[in-house]
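Engineer: Numbering of the sequence shown is given in this note's numbering, commencing with residue 1 and proceeding in unit increments. Glycine included, every Cβ here is placed at the ideal spot set by N, Cα and C.
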Amino acid sequence: MYYVAKVDQEKCATYNCRQCTLFCPEANTLMFDEDKNSAFVNEERCKGCALCVYVCSDLLKRDCIKMEMIT
1 MYYVAKVDQE
11 KCATYNCRQC
21 TLFCPEANTL
31 MFDEDKNSAF
41 VNEERCKGCA
51 LCVYVCSDLL
61 KRDCIKMEMI
71 T
């Protein structure tokens, strides 16, 4: 079992800030989909550091990203 970031794409699309993509330390993991106007996570690359959750939820108060357990 491990944790990965999960983006609420509908909620994320209302902000269009892209800040989480700038802070993710793992390349090509948290990216922005121009068509959906939302961030998304490549679960195979996510290391579960939760830095994106800190940026989105704690700093920006948007709560669009949560950590989800993968079994």
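Just checking my contact of GLU68 with LYS6 at CB under 8 Å: how many whole Å lie between their CB atoms?
Structural biologist: Residue mapping note: residue 68 aligns to position 68 of the sequence shown, counting from 1. Residue mapping note: residue 6 aligns to position 6 of the sequence shown, counting from 1. The Cβ separation is near 4 Å, so the contact holds.
Engineer: Let me check understanding here. Comparing Cα to Cα, which of ASP58, TYR2, GLU43, ARG18 lies closest to GLU34?
Structural biologist: Within the sequence shown, the letter at position 34 stands for residue 34. For the residues ASP58, TYR2, GLU43, ARG18, the minimum Cα distance to GLU34 belongs to ARG18.
Engineer: Is ASP63 helix, strand or coil by DSSP?
Structural biologist: Position 63 of the sequence shown, counting from 1, holds the residue named residue 63. Of the three classes helix, strand and coil, the one that applies to ASP63 here is coil, per DSSP.
Engineer: For the beta strand (DSSP E) containing LYS6, name the first residue and the last one.
Structural biologist: Within the sequence shown, numbered from 1, the residue matching residue 6 stands at position 6. It spans 2-7 - the beta strand (DSSP E) in which LYS6 sits, taken as one unbroken run.
Engineer: Measure the C-alpha to C-alpha separation of THR29 and GLU44 and round it to an integer number of angstroms.
Structural biologist: Residue numbering aside, residue 29 sits at position 29 when the sequence shown is read from its first letter. Residue numbering aside, residue 44 sits at position 44 when the sequence shown is read from its first letter. About 8 Å.
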